[in-house]
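K.L.:
Dropping a structure here in structure tokens format, bear with me for questions.
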Amino acid sequence: MKIKRNSIKVTYYLKMQRNSYKYLLEKGLTKKVLSNIKIIKKYGFIMKFNSFDLRYKKPKFSSQQCIARGKTYSTNLFINVLIRYKNNIILKNRYIPIGDIPLITKKGTFIINGNVRIIVNQCVRSPGVFFYKNNKEQSLFGTLVPVKGSWLTIKINKKNETFFKIDRMRNNISAFYVLNALGLTQKKIFQCIKKKRYLIESIRSTSKNNSLNPIESKMRLNYKTNEKLNIIHITKLFISKFRNKDIYDLGKIGRNKLNKKLYLIDNFSKNNQLQPEDLLGITNYLVNIKNGLGNIDDIDNLKNKKIKLVGEIIENQILLTLKELIENIKEKFSKLKGKINKKNTRTNFVREIISTRIISSVVRSFFNSNQLCQIIEEINPLSEITHKRKVTSISNTKQKLNMQIREINETHYRKICPVETVEGKNAGLIWSLAKEARINKYGFIETSFYVNKLIQKNKINKIQKGIFYLSSEHEIANLTKIKDKKRIFYIPTSRLQIVSLGTSLIPFLEHNDANRALMGSNMQRQAVPLIKKEQPIISTGIENIVVHNNEYNILAYKTGLVKYSSSKKIVVHENIKTADKIDRILTLSKSFLVKIKKNKNVTHYSKFIKRTYKFKKSKSTNQNTYLYEKSLIKEGEWVKRGQLLTESASTDKSKLSLGKNILIAYLPWKGYNFEDAIVISEKLINKDVFTSIHIKKYKTFLVNNETGEEKLTNNIPNMKYNKSNYLNKNGIIKSGTFVKGNSILVGKIKKIKYANTKIKLLNIIFKRKYIKNTSLKLPSNNNGTIIGTKIMNNKTLCIIIYLLEKRNIQIGDKISGRHGNKGVVSKILKVNEMPYLQDGTPIDIILNPLGIPSRMNVGQVFECLLGLAGKYLKENYELLPFDEIYGPNTSNKIVYNKLYEASKKTKKNWILNPNFLGKTKLFDGRTSRAFKQPITVGYAYMLKLIHLVKDKVTVRSIGSYSYITKQPLKGKSKKGGQRFGEMELWALESYGSAYILQEVITLKSDDLTNKYKTINSLIKGNNLPKPNTPESIKVFILELQALCLDITIYSENLQKRLF
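In our numbering, the protein residues as written are 6 to 1064.
Spelled out as structure tokens, the structure:
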């Protein structure tokens, strides 16, 4: 069946990061950062910076080369300077390096030390003034937030006293004294603020406390005797804090919001510094709110929030270094003062004058340690695009965030997805942008609308004909019922506009509980690309957007004819003008250009452009999944602009394909699918249905230190030839070799050095070996094919081995549907033991039916039934969620109509049983008897998640022990086992398993003598030895003895001291 797809206008969803960083490099560094250090004077030196003349050096390596070499993709920043010393020009129009900053790639990421990273957008308080109430203190607050500088808070407490407070300053300053100190007369103050008692009460309170001077808090002054002195101190404080351009800046947004809030004229003031009239207006507004005349602001409203993009975040980091940079230059001037008359001064002057380390180190530490800079998720295209569209409201300060911040605000509608967020302690603090949302240059979230009527153009940003983007500031009314439809000016562009890209991929979303929809959107991001991928029978049509914004899918730049197509590149001839509409050219001769020239009736030929699309090399992602490109077109095909030319590991037929369409049944099965456990068929393993490819990286270094010197070799002592014959002459494994567990990947030996001659003599006497085998071995239970090796020589020689591993599904792996119906594989049954349909088709997966009613996940039932109809009709469907706008029970009608059609066309009446709609009779594979009740059966789109049992579970046989407690270490990297903890002990205690408890807690844990005897006893079948005193008890007693408590352990007769 051919379903006519809607022509979706594909927008570039990842453009915000690149535009923000582009603005930083072009204008941000010159206007906002380096303009603060125009002139530096010290010790007779004058240094002038031309901040508008910046230059960037071309990176030495490309982005792909930086990933391969483990380098940082960055550029050197140069600035034009003029240096004078006692009216003598030393340097003029000379470009001096001031630091390195990383460059952003085409896909909006950064490459730091070979790792692909991304900076998450941060949500902060927007500049402006905000009024709010604290119910506990029964106080009103007004907070003035600038772009740069101190926060100013005005407070009216329950005693009607009005105070000013700067940042977190403990002392409060009377509002009257502040306004008077800034030049406002008493007449003007009381003429504006008619409720005089709020200012008078603050004067009385201040006189009682005698704490007028916030600068000198130790100095208690009396208002009556030291009035002038206090006003001078307040004036100095406010001028230094709020009237200095280098320290304080309201910004355009802050000034604009202040004008709208306080003044009748929007353009009352354009000065970005705080004016006395501003403080008077804020105080008056707060007094009016106290008397019921004004409104309190909603702090969580998006018009009061601002999103910091990557450019602004990096800009703030560089601003922090300017003060240190200026002080460093002044120190260099003092050192260079004595060398100024020497010959080689000018050549060395440039190197010594500015330290590039200051800016570079701060930026580098931000990218390596800040929580906003994260390693990008590249499991599949959806996880990558979702990670780039995340917004976090978590700050670096350890501030407790209340529930009000986490809740959904009404202004989030169409801008922030109400469903998709992280699970756990950060729930509600990390958001995902809605499908059509974008962030404008001022940092406000906008969403698209169709315009229904002419409006004022100066209030909106017009991007194309008929579509406008509006922020929360432009949205006015909150209506539950529409009284007059003629007054509707804006219409949403899509009914999926309210949710994110990940959530919009869930079919029948409106029938699911929000908690399960959240899990479904998160599970799709964790889906591993499969070898035999398949597009879903039921999709929403949003899959094309995700695919078109993926780096590993090449789009045609212009319309043209495909000349050449291979596994490495595609060549397209563009600018071929056609008189008729040619959709496809089936055959093509070698001299196709001559043919086009001769046949003038069909085409008109003009100059063509030969465009080559080169494929990227297949690589492993940060999560060890496999990425590759494969051509979709053949020679002779006619391609249109924006058409997909290639497909990646997660696409099939130009659609996002993260899983497989699997035949499922909702049926209890001997308790094996209890509590979301899943029973699967052996057919899924034999036919590689859920088989995925993973690339693992193994790294080793050649260490040369005081203890010895390591050397690469293929001649390893005490090693058989057949175990080392696949190593090359340098001892590194050859590419293409299939290896198993404990195979040598890199052959290394270490020549041990002995500094002490006595130890060397003893080793000669006892014939101790000087050579130690330190080869890199493949961990046990692993196998795969070597696909590449890399040697990097920085400070020490590093050898990296890449292993390709095919992983089939096994017990313990996690699989999920698109509706959050996740579970762990608990049992693998043979095909003949699985239940089967009336036509003999065996079921692939058995799910627990109790997972639907309690979780209100009706959407997965609709998908299951419509998938069954689509499979037998050989049709695929695109269904946008929220189809109830066309009428009640629309989803039911679509599903039952398709089931009815499938039953009639295939002549299989069991597909739609009129007595039990959506259910059918199922037969037991072991007994061939029908189950007593009809069962829901259908095709669902199932995903294999990244949480694989092979990476999770580990078994310990040998390994290191803790030096203090003598217990085995925990952790897979240290060859440790999984700890038998407190809750596991409770389980054994509930069954009264005393001997197993004794064996686990003492014999196998920290009983040194009986630890090895236990192994022999188990092998020979003898009784276990009697336990001795555990090491942990000894450590506990020693700690008590360290506290001067004489505690010892004796035998029963008190004769023998055991410890």
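For glycine and all other residues, C-beta sits at the position ideal for the given N, C-alpha and C.
Just so we're clear, the structure is a prediction, and the values are computed from it rather than from any experiment.
Please give me, in chain order, every unbroken run of the beta strand (DSSP E) with length at least 3 that falls completely inside the stretch 403–464.
P.N.:
435–437 and 450–456
K.L.:
Could you give the first and the last residue of the continuous alpha helix (DSSP H) run that contains Ser68?
P.N.:
Ser68 to Arg74
K.L.:
Cβ of Leu802 within 8 Å of Cβ of Leu707?
P.N.:
yes
K.L.:
Give the DSSP-derived three-state secondary structure of Glu1036 in the structure shown.
P.N.:
helix
K.L.:
CB-CB under 7 Å to Val125, same chain, minus the five flanking residues each way: which ones, in chain order?
P.N.:
Leu377, Gln379, Lys395 and Thr397
K.L.:
Using the rule of at least 16 other Cβ atoms within 10 Å of the residue's Cβ for burial, across every protein chain shown, is Asn140 buried or exposed?
P.N.:
exposed
K.L.:
Specify the secondary structure class of Lys753 as computed by DSSP and reduced to three states.
P.N.:
strand
K.L.:
Would you call the stretch 542–555 and the stretch 619–639 in contact, with 3 or more CB pairs under 8 Å?
P.N.:
no
K.L.:
Using a Cβ-Cβ cutoff of less than 6 Å, which residues in the same chain neighbour Gln1046 once the five nearest sequence positions on both sides are dropped?
P.N.:
Excluding residues within five positions, none has a Cβ falling inside 6 Å.
K.L.:
Roughly how far, in whole angstroms, is the beta-carbon of Tyr703 from the beta-carbon of Leu632, given that I think they are within contact range, below 8 Å?
P.N.:
The pair is not a contact, with the Cβ atoms about 19 Å apart (cut-off 8 Å).
K.L.:
Using only CA atoms, which one of Leu948, Lys898, Phe83 and Glu1036 lies nearest to Ser1077?
P.N.:
Because residue 1077 is not part of the residues shown, which for the chain are 6 to 1064, the question remains open.
K.L.:
Whole angstroms are fine: how far does the CA of Gln1003 sit from the CA of Leu1029?
P.N.:
Going by the C-alpha atoms only, they are around 10 Å apart.
K.L.:
Just to confirm my understanding: we take Asn463, look at its own chain, exclude 5 residues before and 5 after, and list those with CB closer than 7 Å. What are they?
P.N.:
In this prediction, Asn463 has a pLDDT of 44, which is less than 50 and means its spatial position is unreliable; what the coordinates show is noted afterwards. The answer is none, since no qualifying residue turns up.
K.L.:
DSSP on Asn914, reduced to helix/strand/coil?
P.N.:
helix
K.L.:
Would you give the residue range spanned by the alpha helix (DSSP H) that Pro386 belongs to?
P.N.:
Pro386 to Lys393
K.L.:
Is there contact between the stretch 564–576 and the stretch 644–652, where contact requires at least three CB pairs shorter than 8 Å?
P.N.:
yes
K.L.:
The alpha helix (DSSP H) spanning His952 covers which residue range?
P.N.:
Run containing His952: none; DSSP gives neither H nor E here.
K.L.:
What do you get for Asp956, buried or exposed, if any count of 16 or more other CB atoms within 10 angstroms of its CB means buried?
P.N.:
exposed
K.L.:
Between the alpha carbons of Thr592 and Glu642, how many angstroms are there, rounded?
P.N.:
Low per-residue confidence applies at Thr592: pLDDT is 40, beneath 50, and the placement is therefore not dependable, though the value from the model is reported in the following sentence. Distance between the alpha carbons of Thr592 and Glu642: 9 Å.
K.L.:
With a Cβ-Cβ cutoff of 8 Å, do Lys782 and Ile749 count as a contact?
P.N.:
yes
K.L.:
Asn897 by DSSP, collapsed to three states: which one?
P.N.:
helix
K.L.:
Can the beta-carbon of Tyr268 be found less than 8 Å from the beta-carbon of Gly286?
P.N.:
yes
K.L.:
Which residues in the same chain as Leu1048 place their Cβ atom closer than 7 Å to its Cβ, once the five residues preceding and following it in sequence are excluded?
P.N.:
none
K.L.:
If you follow the beta strand (DSSP E) that Leu732 is in, where does it begin and where does it stop?
P.N.:
No beta strand (DSSP E) holds Leu732; DSSP gives it neither H nor E.
K.L.:
Under the three-state reduction of DSSP, which class applies to Phe247: helix, strand or coil?
P.N.:
helix
K.L.:
What is the rounded straight-line gap between the Cα of Ile220 and the Cα of Ala186?
P.N.:
Annotation note: pLDDT 39 at Ile220 (below 50); position unreliable, coordinate value reported separately. So the alpha carbons of these two residues sit roughly 14 Å apart.
K.L.:
By Cβ distance, which residues of its chain are closer than 7 Å to Asp929, with the 5 residues on each side in sequence left out?
P.N.:
Hits under 7 Å: Pro840 and Phe936.
K.L.:
Within its chain, find whatever has a CB closer than 7 Å to the CB of Leu459; leave out the 5 residues flanking it on each side and keep chain order.
P.N.:
The predicted model places Leu459 with a pLDDT of 46, which falls under 50 and marks its position as unreliable, so this point remains unresolved.
K.L.:
For Gly856, does the three-state DSSP call read helix, strand or coil?
P.N.:
helix
K.L.:
Using CA atoms only, rank isn't needed, just tell me which of Arg934, Phe743, Gln280 and Ile358 is closest to Glu336.
P.N.:
Ile358
K.L.:
What residue range is occupied by the uninterrupted beta strand (DSSP E) comprising Leu809?
P.N.:
Leu802 to Arg812
K.L.:
How big is the Cα-Cα spacing for Val958 and Ile804?
P.N.:
Cα to Cα, Val958 sits roughly 28 Å from Ile804.
K.L.:
Are the CB atoms of Ser1087 and Asp105 nearer to each other than 8 Å?
P.N.:
Since the first and last residues shown for the chain are 6 and 1064, residue 1087 lies out of range.
K.L.:
What did DSSP end up calling Glu715 once you bin it into helix, strand or coil?
P.N.:
strand
K.L.:
Is there contact here, the stretch 969–987 with the stretch 1003–1019, by at least three beta-carbon pairs under 8 Å?
P.N.:
By the Cβ criterion, the stretch 969–987 is in contact with the stretch 1003–1019, since at least three pairs of Cβ atoms, one from each stretch, lie closer than 8 Å.
K.L.:
Considering only residues of the stretch 997–1031, which uninterrupted alpha helix (DSSP H) runs meet the minimum length of 4 residues and lie entirely inside it, listed in chain order?
P.N.:
999–1003 and 1013–1025
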